[in-house]
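Residue numbers (this note's numbering): 30 to 565.
Virtual Cβ for every residue (Gly too), placed ideally from N, Cα, C.
If you're wondering where the values come from, they're calculated on a predicted model, not measured in any experiment.
So the structure is just underneath, and the comments pick up after that.
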Amino acid sequence: MTSKVKPIAIGIDLGTTYSCVAAWFDQHERVEIFCNEQGNKTTPSCIACTESELLVGEGAKNQITRNPTNTVYDVKRLIGGRFCDSQVQEEIKSLPFKVVKGCDDKPMILLEHRGINKEFSAEEISSLILKNLKMAAEAFLGALVTNAVITVPAYFSDKQRQATKDAGTLAGLNVLRLISEPTAAAIAYGLDKSADKNRPKEKNVLVFDLGGGTFDVSLLTICKEGNIKVKAVGGDTHLGGEDFDKAMVNYCVQEFKKKQNKDIGKNARAMGRLKVACEKAKRDLSSTAGTSIEIDSLYDGADFSMKITRAKFEELNAGFFKKCIEHVKNCLSDGNMHKNNVDDIVLVGGSTRIPKVQNMLMKFFDEKPLCKSINPDEAVAYGAAVLAANLSGYGNKVVRDLVLLDVTPLSLGTDLEGGIMSVLIPRNTPIPTFKEHIYITSKDNQKAIHIGVYQGESSNYMDNILLDEFSLHGIPPAPAGKEKVKVCFDIDADGILYVSAELLSNSNNKRSIAIARREQLFSHDDVEKMIRKVEL
Ligand code: AMP
């Protein structure tokens, strides 16, 4: 009898600024984080087109100041968004590369190679990063890898999740599951504590995940048996280290103007150099009270030199830090939990190294010490790798016993009740879930019913995100209120939504919309096309 070796499935933390890939190894009884070609455990989520080649990761980041308009980063802040969204417009303003409006209002990134402009979607750019991580895992394992769990911010909308899944497909991955980043971190934390014999039966854990581009807060209960139950999630998909860098960059631009009477705001190369210097200064300020930014010949022959204190950095970002604490308060209130009942506060994401963030959080929790036992850069990929093993049917008992109960981050509903949002699935509902609602016709002899599917918290559906829309035709003539339509919302374990509508008087008249069936959107041909596009 031959024993079948299960293929290794990887866990990927696809971050805004850095990404990380890992897998569980049965023979070592632990997770291994795979290093990239340069030997680093995290890889910049960055790609670049040069005269001769396409660079991904470290190589792309290292040449950013020489090639700012053809180096792409931060696409996680664009993925699944619409070009016209005010948040997307806000992002575009500070990006040195060109973003244009594509089909279906999709933001498309314009890259130039040998005088030819090519447009890439955020999914396509992300797929290049995912492919690079897949290759790092394959180089380590000496075998092909196809199965993967990819992490997304807990607060990602359905569109952002679906776009991330599409990026995985384009990268040649079979995406076993999408998992929220703080939940992945909680798995890593839970596993870390599983060896502790004296731990209580149940623990309430708040995961505070402040990364490069997104902020997530999650309230979870971890049981001794391995169940992880998410109680509430909150956050902001446009808040993170990049905003702190931007605040410092803007301050430096003002200082340069004051000293040199020159405006560097429109010069992509100078702004790129300033951004790199500010990010470094920000990191320094996490361990020292003051540092300086020195850049030779920054613009028009003028040097830039400025001292900056930690206090000034904190002042520039006070609004952002305050926002983080507000989200923690809201998450606790959504989870119906008093802060005194939180047993552990777990820090994840590079920006949680900022002392002011830690101090504010500790103060809010009445000086409770924060858990820093898990590596904030690797915890998310670690948890994803554990889930990948669990879903693939290998791992030790702790891994195999893992049961995850996640929640939906934003309310889902329709526009079927006048101007108001008719919520079918309120936010923080455990998933998978299935909800249905019966709507009646509002007019005499109404022939069709139009259903808009919305996601968001405003009571006015127009202020929420329109995920998709469709019509159910063929309603027989009848007085208003006579014909009934059953609308079903079904969310799978990835947090992706399926919607259907059925005429109750004729069950053959049924339509489903393909919000999630878009899984088949990328055919083999599309993947080939995409590969050809990036073969420079
Ligand atoms: P992540 O998305 O978790 O990889 O976090 C990346 C973000 O963490 C970037 O914005 C980094 O600039 C930031 N970061 C990393 N180390 C530090 C540090 N020591 N102090 C402040 N921010 C940091």
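The alpha carbon of A530 has as its nearest neighbour, out of A261, S247, Y468, E82, the alpha carbon of Y468. Closest in alpha carbon position to N203, among V236, G269, S156, is S156. Exclusion of S209 from the 6 Å shell around the ligand AMP follows from its C-beta lying no nearer than that to any non-hydrogen atom of the ligand. With a cutoff of 7 Å on beta-carbon distance, E271 and D238 are scored as not near each other. For I383, the shortest C-beta to heavy atom distance toward the ligand AMP is below 6 Å. Put simply, of P125, F185, K70, D292 the residue whose alpha carbon is nearest the alpha carbon of G110 is F185. Beta-bridge partners assigned by DSSP to A52: I39, E61.
With respect to G241, T45 sits close: the two C-beta atoms are nearer than 7 Å.
The residues I460, P461, Y527, A545, in chain order, have a CB closer than 8 Å to that of D521 in the same chain once the five nearest residues on each side in sequence are set aside.
Linking Q116 to H267 through their CA atoms gives a straight-line distance of about 8 Å.
Between the alpha carbons of Q289 and A331 lies a gap of roughly 8 Å. Each residue's CA atom was taken as its position, placing M366 and P438 some 17 Å apart. Ranking A408, V482, N457, L433 by CA distance to the CA of R59 puts A408 first. V282 counts as buried, since at least 16 other C-beta atoms from the protein chains shown sit within 10 angstroms of its C-beta. Annotation for D435: the continuous beta strand (DSSP E) segment containing it runs 432–436. At least one heavy atom of the ligand AMP lies closer than 6 Å to the C-beta of R312. Taken through DSSP and simplified to helix, strand or coil, G255 comes out as coil.
Residue state for H479 is assigned as strand, using DSSP reduced to three classes. Counting only residues of its own chain and dropping the five nearest sequence neighbours on each side, V305 has a CB closer than 8 Å to the CB of I93, T94. Shown here for F54: same chain residues with a beta carbon closer than 7 Å to its own, the five before and five after excluded, namely E61 in chain order.
Around N346, the same chain offers F273, A276 as residues with beta carbons nearer than 7 Å, after the five sequence neighbours per side are excluded. According to the DSSP assignment, K232 belongs to the beta strand (DSSP E) that extends over 231–239.
S315 has its Cβ nearer than 6 Å to a heavy atom of the ligand AMP. Around the Cβ of Q191, a 10 Å sphere holds 16 or more other Cβ atoms; the residue is buried. Within the chosen limit of 6 Å, the ligand AMP reaches the beta carbon of Y47 through at least one heavy atom. Just so you know, the alpha carbons of C75 and M491 end up roughly 35 Å apart. The region 394–413 makes no contact with the region 138–155: fewer than 3 CB pairs, one atom from each, lie closer than 8 Å.
In this model, N425 and I354 are separated by some 37 Å (Cα to Cα). A direct Cα-to-Cα measurement between E344 and K253 gives close to 42 Å. The Cβ-Cβ distance between A214 and F63 does not fall below 7 Å. Its Cα nearest to that of T100, the residue L139 stands out among L139, C360, D245. Under the 10 Å beta carbon count, V432 is surrounded by fewer than 16 other beta carbons and is classified as exposed. DSSP places T193 inside the alpha helix (DSSP H), whose first and last residues are 187–199.
By the Cβ-count criterion, F463 is exposed, with fewer than 16 other Cβ atoms from all chains shown falling within 10 Å of its own Cβ. According to the DSSP assignment, G442 belongs to no alpha helix (DSSP H) but to the beta strand (DSSP E) extending over 441–446. The three-state reading of DSSP puts S488 in coil, since its state is none of H, G, I, E or B.
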